[in-house]
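The structure appears below as structure tokens.
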Amino acid sequence: MKTLAAKKTAAKARLMLIGGEFVPAADGALRDVIDPATGAVIARVPEASRADVRRAVDAARAAFDSGPWRSTTALERAKLLFKVADGIRAEAAALAELEVRNMGKPLAEAEYDVADAANCFEFYAGLATKVHGETMSVPANSLSFVVREPVGVAGQIIPWNYPLLMAAWKLAPALAAGCVCVLKPSELTPLTALELAHIIHAAGFPPGVVNIVTGPGAGAGQELAESPKVDKVAFTGGTVTGRKIAIAATGNLKKVTLELGGKNPNIVFADADFEAAVDGALFAAFANQGEVCSAGSRLLVDKRIHKALVEAMLKKVPRIKLGHGMTPGVKMGPLVSAAHRDKVEEYVRIGKAEGAKLLCGGRRPAGKEFAGGFFLEPTIFDGVSPAMRIAREEIFGPILSVIEFETEEEALRIANDTDYGLAAGVWTSSITRGLRAVRALRAGITWINTYHPTFNEMPWGGYKQSGNGRELGLYGIEAYLETKQVNVNLDEAPLAWY
Ligand code: NAD
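Taking this note's numbering as reference, the numbering of the sequence shown is continuous, increasing by one, and the terminal residue is 1534.
Written out as structure tokens, the structure is:
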């Protein structure tokens, strides 16, 4: 199938963007990029070494320290970011298809991500000109004010589950703040980030302001986190990697923001709108194959409606059509890699061994169309107790653990009994119960009678081991700004202290 994206991207050399030029890895190393729905190699991209990352960091450092970027006005930065948003929209169909072919998600979800990525650049384009400090006059003979300045060189490391969107979440606020960036996408899903590099280059950013390097976490990523020339590292990924990044960043005490994993509770009270809760429980768990940090992977259900809710979910599960994300009607694609499917499947074995009741899924789908890909059926375990590993560990795949509760107090205790604190959902027809529950939940993103919607205007991030700091909204640009106090003496007389 020669499609739009395939034709366009075959014609364009896949190279990294370093110092305003499209370059291969210095040693010529390449990595195969796989379509997880077929197992086929669809592209080869440069495999950056530590030396390539050092080259990118040097380019960024030079752009920040001595290039024209520092003297661009906020309005000029805003105009460049608006151009990136326009560029993404102009390439939206090709980008969405490329995301599907590289990452596996259904086309409708990829289209949504691409639109959201453009909106994110637009939001921060608008915000760039609204960064202000404060003015104070204490004591009476001084004028003191606060100016906000860019943090400097930002190293940005992102995962594979929302490749283009995560690149937007990182680049847009950093550039709006006046930082310069070295972005490293996941080695599994570099293709849309490399396309974005072309859009950014065409927009006219000065050389070195945006660098995009493709390479493995252990070498290229680690270099970015360790580099003494990087002022800040912004990371989205697993909690284990996040810990390594935080340690690597201590060398020069660089600023660190972390967006990590979750084991998020989705609580259905007996007074919830039943049909909405059924839909919401399935969408929370299975959107994007469950490869979502904020997935509602723990479904806490009131004992009184538990049986009916589980039966209603099981009736709907067959509607989650598996297949290649480009096939019309497909609602769930493959997992991102063979290794990741192995990890997720291991949790099917763990859940069974722990005594949970497998209600559906847990298998690879049968059929020729699934043979080469890394598919796994949507899987629901019932009778899960909060102590089981399938209730405690992030699986990051299409596995839902159903846990029964009897009282609101018990539900909230189970919900908070986790090292994570990223997201949580509540389904109830009582506004007081909903708000009471949200107040008790230790999580950074919460939903009442919905699950998953999030907005560029609103902060994103987790409590506890789900991370450090916030992205998006006004909070997102804060993470890339330093705060400087300036004190002006209004008294001309010498101090006469000595
Ligand atoms: P991962 O931690 O394996 O990798 C993420 C990125 O880190 C990749 O680019 C990888 O190359 C790089 N990396 C790996 N080891 C590194 C090291 N030692 N030093 C520097 N960089 C390194 O995560 P993943 O498997 O790509 O993504 C899944 C995880 O991401 C899940 O845990 C999920 O919850 C999390 N996630 C969180 C959010 C959020 O906003 N909180 C969003 C999306 C994904």
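No residue lacks a Cβ here, since even glycine has one placed at the ideal position from N, Cα and C.
Could you tell me which residues DSSP pairs with residue i in its beta bridges?
i: MET1368; result: LEU1358
i: LEU1066; result: PRO1082
i: VAL1462; result: ILE1303 and ILE1484
i: ILE1416; result: CYS1396 and LEU1436
i: THR1165; result: BP columns for THR1165 are empty, so no partner.
i: TRP1496; result: GLU1507
i: LEU1336; result: ILE1303 and ILE1439
i: GLN1192; result: LEU1219 and ALA1270
i: PRO1199; result: According to DSSP, PRO1199 bridges with nothing at all.
i: MET1172; result: SER1180
i: GLN1521; result: VAL1182
i: LEU1053; result: PHE1058 and ILE1248
i: GLU1295; result: THR1272 and GLY1503
i: VAL1077; result: ILE1070
Going by alpha carbons, who is nearest to residue i out of the options?
i: ASN1138; options: ILE1386, ILE1467, THR1490 and PRO1370; result: PRO1370
i: GLU1327; options: ASP1094, PRO1434 and ILE1124; result: PRO1434
i: VAL1150; options: ALA1126, VAL1216 and LYS1265; result: ALA1126
i: GLY1498; options: GLU1528, TYR1198, GLY1509 and ALA1460; result: ALA1460
i: ASP1267; options: ASN1492, LYS1290, TRP1463 and ILE1450; result: LYS1290
i: PRO1401; options: GLY1251, GLU1444, PRO1243 and ILE1356; result: ILE1356
i: ASP1309; options: ILE1341, GLY1278 and GLY1397; result: ILE1341
i: LEU1066; options: ASP1088, ALA1320, THR1109 and ALA1084; result: ALA1084
i: ASN1197; options: ALA1323, CYS1217 and LEU1477; result: ALA1323
i: PRO1142; options: ALA1423, LYS1115, LEU1358 and PHE1491; result: LEU1358
i: ASP1152; options: THR1109, ALA1208, ALA1331 and ASN1177; result: ALA1208
i: LYS1299; options: GLY1365, ALA1374 and LEU1477; result: LEU1477
i: LYS1367; options: SER1466, GLN1501, ASP1063 and GLU1413; result: GLU1413
i: ALA1284; options: VAL1269, THR1275, GLY1274 and MET1052; result: VAL1269
i: LYS1343; options: GLU1440, GLY1397, GLN1258 and HIS1376; result: GLU1440
i: ALA1212; options: GLY1064, VAL1346, ALA1239 and PHE1157; result: PHE1157
i: ARG1385; options: PHE1417, PRO1364, PHE1410 and LYS1404; result: PHE1417
i: ALA1423; options: VAL1438, PHE1432 and PHE1410; result: VAL1438
i: GLU1259; options: THR1286, ALA1238 and GLY1274; result: THR1286
i: GLU1311; options: GLU1347, VAL1276, ASN1155 and SER1263; result: GLU1347
i: GLY1365; options: ALA1144, ALA1473 and ARG1475; result: ALA1144
i: VAL1276; options: ASN1288, GLY1253 and SER1263; result: GLY1253
i: ARG1377; options: VAL1136, ASP1307 and PHE1411; result: PHE1411
i: GLY1274; options: ILE1303, GLU1262 and SER1330; result: SER1330
i: ALA1154; options: ILE1467, ALA1529, TRP1533 and LEU1116; result: LEU1116
i: PRO1226; options: ILE1078, VAL1462 and ALA1321; result: ILE1078
i: GLY1387; options: SER1421, LEU1508, VAL1292 and THR1363; result: SER1421
i: GLN1501; options: LEU1230, ARG1428 and CYS1217; result: ARG1428
Do residue j and residue i come within 8 Å of each other at the CB atom, strictly closer than that value?
i: LEU1200; j: LEU1224; result: no
i: GLY1123; j: ILE1235; result: yes
i: LEU1296; j: ALA1282; result: no
i: LEU1436; j: LEU1335; result: yes
i: ILE1426; j: TYR1383; result: yes
i: ALA1256; j: VAL1249; result: yes
i: HIS1446; j: ARG1469; result: Reading off the sequence, residue 1446 comes out as Glu, not His. No; because the gap between Cβ atoms is not below 8 Å, this pair is not in contact.
i: THR1519; j: PHE1305; result: no
i: LYS1265; j: VAL1093; result: yes
i: LEU1517; j: ARG1080; result: no
i: ASN1492; j: PHE1159; result: yes
i: GLY1505; j: ALA1515; result: yes
i: ALA1096; j: GLY1251; result: no
i: ALA1146; j: GLY1361; result: yes
i: ARG1113; j: GLY1240; result: no
i: ALA1128; j: ALA1161; result: no
i: THR1415; j: GLY1403; result: no
i: GLY1278; j: ALA1076; result: no
i: ILE1431; j: VAL1380; result: yes
i: GLN1521; j: SER1180; result: yes
>> Using a Cβ distance threshold of 8 Å, determine whether the stretch 1158–1171 contacts the stretch 1192–1202, with at least three qualifying pairs required.
In response: no
> Three or more C-beta pairs closer than 8 Å, one from the stretch 1082–1101 and one from the stretch 1179–1190: is that the case here?
Replying inline: yes
> Counting Cβ pairs closer than 8 Å, one from the stretch 1200–1212 and one from the stretch 1168–1175, do we hit at least three?
Replying inline: no
>> Between the stretch 1307–1317 and the stretch 1468–1487, can you find at least three pairs of beta-carbon atoms closer than 8 Å?
In response: yes
>> Quick test of the definition: if touching needs 3 or more C-beta pairs under 8 Å, does the stretch 1465–1483 touch the stretch 1128–1143?
In response: no
> Is the stretch 1348–1360 touching the stretch 1518–1534, taking contact as three or more C-beta pairs under 8 Å?
Replying inline: no
> Can you find at least 3 beta carbon pairs, one from the stretch 1055–1070 and one from the stretch 1379–1394, that sit closer than 8 Å?
Replying inline: no
> Is the stretch 1064–1078 touching the stretch 1204–1221 in the sense that three or more CB pairs, one from each, lie closer than 8 Å?
Replying inline: no
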